[in-house]
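A.B. asks: Residue numbers (the working numbering), protein chains in the order written: chain A, 1 to 368; chain B, 1 to 368. After the structure tokens below, expect a handful of questions from me.
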DNA sequence: CTGTTAGCGCGTTCAT
DNA sequence: ATGAACGCGCTAACAG
């Protein structure tokens, strides 16, 4: 008996109800070819006659048909999608990273599934589970805490993953900025300007990037043969309020620091609030350097000296790393550390000159 | 003949190669039940015996199996995913909106496909096509230009869609902030402080939100029986550089304004740069009010008076609107306009008091 | 070069 | 309450 195809309307709705979008079957029927020919034509397969190809395209246009990636990727067992888990979508650092991720992912034909864990371990786990269920090809991940359950589950699942900014200990691909180098440059700048009592508002100690910044801070002192003023190092949470309270605490000490280095952009805003609140003048009363250079840096009065971070590139190269791992799961683990640049403005006094910066991309390969 | 199931390894990899994650079949086999029973158990179906349910869960845990949403949603013809198209992921306004979107989407079990068109109409079209191919249930969209091809294609496709911030003319769901009301409040505040020559740096005229702000600016003058200083209204692109150049142009006029109202956050930063560059003092030489209140507002010296926008809520309610439309495609079109609040700080002089603000949510239903 | 066939992993009827 | 069949929309073998 003949293959009676049951009636379906081909995209254009004749009545009021929303018609199901025309699929490969309707296209095949209208073009008068087999379904598989449509598939080949649309997938850019080599062995398709120009005639068929043209008629297929014509039918697609006439029906306003759109390929079904869900079915396509289920069948081909090749999901061209990647997941992102970030702890705070509101932080400009991460949005810029996501910008970079999106750019290279889209160029590779991937789509981006974004989730925000809002620094909540439980939401983080749910996000990881969702992304697994969506069968993404891989995940770009910034853990929100020191011992992330989501991270462990993901690692155990064997799903390709690259860590961003905060690098966990294990053998995982990762991309980040040179926190140590950037911090050393910032503090060295202050030392060169004669500062010795340099406060440091840093983040929670479990984060690898926080540890790196600490190392850079200390290295700058040691390089100049100076003792590290450990009493001036404070650990705050990475939010604006954290920076505010830490700075306030620093400023109310008897032996107040003459300069301060703040470890992330939101905390820097909080630190500035505290400084203004005390009626202190920048840079006369206190010099300020921030980690992470953002649009508002030039709108402050005086303009803020800051460590510029290649955030877009971090995202872009992390995504690249992920794509490469998806291509070759056996490839040795790689960690990319991107160089920073100290942008000298007016918040430390002294001449406003452009320092060379360490644009060199340190790249280290760890065993697989 | 018997149905010979070909061998597959159930999740745990015995050799070095990455094993395919265990699916419903492996779970069924290990639990000793049929595939359909597993499906029912995992989908929370009512008629499943506790015994079977328990064994299924146990098998899922043992195999570390994760459901396949791709297959599930292909089969059930119900894709629980929504797409987002924004013009600039770097703009804090949009990231906050996305934050709200993600929150309600995730709560509804949806996942979020994010695309950034970077103000490029061509990228925008590609993003729209990708999202259609992903068969998302709906799209949250901020068109990047006056006559967006992507918008037209999407509207023609009949895919549920809600416009964000910039509302196109047609009968489409939309969510935005009360630009007119917020602008009127900002300008009225300046007028009350005695200012008459109030500059206005606004965005490109095609945008509905720009038009609304213009209306609010004019309304404030008219309400006080004053003539609108149309010569002080400038249209810049919405970026920082746009604000800088417009402000610069305003400040170099013979009859310089005594106050300025800037229509978005990035342009405000640019305007501040221009003001500082001219060596002008805020608020003595010029008063400043910004549209969109961001974290750095309180870190400026003096702190910035600004119109606070319910950006998170815009995203959240837009997502809610989308979900409702997906549920009921016939529902009449709705447009949500969320109220703003003027946050008075020091950048205009005068007493720092909290104004009431129009928290009322204007909500208007247009015919379907 | 093109059509036919057999599934991808799962939900959903039908039986029982 | 449970199992067997069928198919979602598409790709990938094979045959012709």
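C-beta atoms are modelled at their ideal positions from N, C-alpha and C, and glycine is treated no differently.
1. Indicate whether residue 271 of chain B and residue 216 of chain B have their beta-carbon atoms separated by less than 7 Å.
2. Express the C-alpha separation of residue 32 of chain A and residue 170 of chain A in angstroms, rounding to a whole number.
3. Take the Cβ of residue 275 of chain B as the centre, count every other Cβ of all protein chains shown within 10 Å, and call the residue buried at 16 or more, exposed below.
4. Short check: CB of residue 177 of chain B to CB of residue 309 of chain B, under 7 Å?
5. So residue 202 of chain B and residue 92 of chain B are supposed to be a Cβ contact under 8 Å. How far apart are they, rounded?
6. Sort B/77, B/53 and B/260 by Cα distance to residue 187 of chain B and report the nearest one.
7. Could you check whether residue 232 of chain A and residue 257 of chain A sit closer than 7 Å to each other, using their CB atoms as the reference points?
8. From residue 344 of chain B to residue 305 of chain B, what distance separates their C-alpha atoms?
9. Among all the DSSP beta bridges, which residues are the ones paired with residue 371 of chain B?
10. Is the Cβ-Cβ distance between residue 319 of chain A and residue 101 of chain A less than 7 Å?
11. What does DSSP give as the partner residue(s) for residue 235 of chain A in the beta ladder?
12. Residue 81 of chain B lies in the beta strand (DSSP E); which residues open and close that run?
13. Under a CB-based cut-off of 7 Å, is residue 284 of chain B close to chain A?
14. Quick test of the definition: if touching needs 3 or more C-beta pairs under 8 Å, does the stretch 75 to 85 of chain B touch the stretch 99 to 116 of chain B?
15. Can you tell me whether residue 194 of chain A is buried or exposed? The criterion is at least 16 other CB atoms within 10 Å of its CB, across all chains shown.
16. Counting only runs that start and end within the stretch 123 to 207 of chain A, where is the alpha helix (DSSP H) found for 4 or more residues in a row?
17. Relative to the C-alpha of residue 162 of chain B, which candidate in B/326, B/346, B/342 and B/340 has its C-alpha closest?
18. Can you give the beta carbon distance from residue 133 of chain B to residue 68 of chain A, rounded, assuming they're within the 8 Å contact cut?
19. In terms of residue numbering, what span does the beta strand (DSSP E) encompassing residue 112 of chain A cover?
20. Quick check on residue 348 of chain A: buried or exposed, where buried means 16 or more other Cβ atoms within 10 Å of its Cβ?
21. Just to make sure I have the definition right: I need the residues of chain A whose C-beta is within less than 7 Å of the C-beta of residue 35 of chain B. Which are they?
22. At 4 residues or longer, and completely inside the stretch 229 to 286 of chain A: list those alpha helix (DSSP H) runs for me, N to C.
23. Does residue 107 of chain B have its Cβ less than 7 Å from a Cβ in chain A?
24. May I ask you to list the residues that DSSP assigns as paired with residue 305 of chain A?
25. Taking 7 Å as the threshold (beta carbon to beta carbon), is residue 120 of chain A in contact with chain B?
26. The stretch 234 to 251 of chain B: which residues have C-beta closer than 7 Å to a C-beta of chain A, in chain order?
27. List the endpoints of the continuous alpha helix (DSSP H) containing residue 27 of chain A.
28. By the 9 Å beta-carbon criterion, what residues does the stretch 60 to 86 of chain A contribute toward chain B?
29. For residue 104 of chain A, write down the residues that DSSP places opposite it in a beta bridge.
30. If the cut-off is 9 Å on Cβ atoms, which residues from the stretch 128 to 147 of chain B count as contacting chain A, listed in chain order?
31. Does DSSP classify residue 20 of chain B as helix, strand or coil?
32. Output needed for residue 57 of chain A: all residues of its chain with C-beta closer than 8 Å, excluding positions within five of it in sequence on either side, in chain order.
33. 7 Å is my cut-off, CB to CB: does residue 39 of chain A come that close to chain B?
34. Mind listing which residues of the stretch 294 to 321 of chain A have their C-beta closer than 7 Å to chain B's C-betas, in chain order?
35. Can you check whether the CB of residue 70 of chain B is closer than 7 Å to the CB of residue 74 of chain A?
36. Using beta-carbon positions only, say whether residue 63 of chain A and residue 103 of chain A come within less than 7 Å of one another.
C.D. replies: In short:
1. With contacts defined by Cβ atoms closer than 7 Å, residue 271 of chain B and residue 216 of chain B do not form a contacting pair.
2. When rounded, the distance between both Cα atoms is 56 Å.
3. buried
4. yes
5. At roughly 19 Å, the Cβ-Cβ gap does not stay under 8 Å, so residue 202 of chain B and residue 92 of chain B are not in contact.
6. B/260
7. Judged by their CB atoms, residue 257 of chain A and residue 232 of chain A are nearer to each other than the 7 Å cut-off.
8. Rounded to whole angstroms, the separation of the alpha carbons of residue 305 of chain B and residue 344 of chain B is 5 Å.
9. With chain B covering 1 to 368 only, the question about residue 371 of chain B has no answer from this structure.
10. Cβ distance < 7 Å, so residue 319 of chain A and residue 101 of chain A count as in contact.
11. A/202
12. 81 to 86
13. no
14. yes
15. So residue 194 of chain A ends up on the exposed side.
16. 149 to 157 and 179 to 192
17. B/326
18. 7 Å
19. 111 to 116
20. buried
21. Listed along chain A is no residue with a C-beta nearer than 7 Å to that of residue 35 of chain B; the closest approach is about 16 Å.
22. Taking only runs of at least 4 residues, the alpha helix (DSSP H) segments lying wholly in the stretch 229 to 286 of chain A are 240 to 251 and 265 to 277.
23. no
24. A/289
25. no
26. 240
27. For residue 27 of chain A, the enclosing alpha helix (DSSP H) stretches over residues 24 to 31.
28. From the stretch 60 to 86 of chain A, only 64, 66, 67, 68, 69, 70, 71, 72, 73, 74, 77, 79, 81, 83 and 84 have a Cβ closer than 9 Å to chain B.
29. Answer is none; residue 104 of chain A lacks a bridge partner.
30. 129, 130, 131, 132, 133, 134 and 135
31. coil
32. So the qualifying residues of the chain are 41.
33. no
34. 295, 296, 298, 299, 300 and 301
35. Their beta carbons are under 7 Å apart, which means residue 74 of chain A touches residue 70 of chain B by this criterion.
36. In terms of Cβ geometry, residue 63 of chain A and residue 103 of chain A do not form a close pair [threshold 7 Å].
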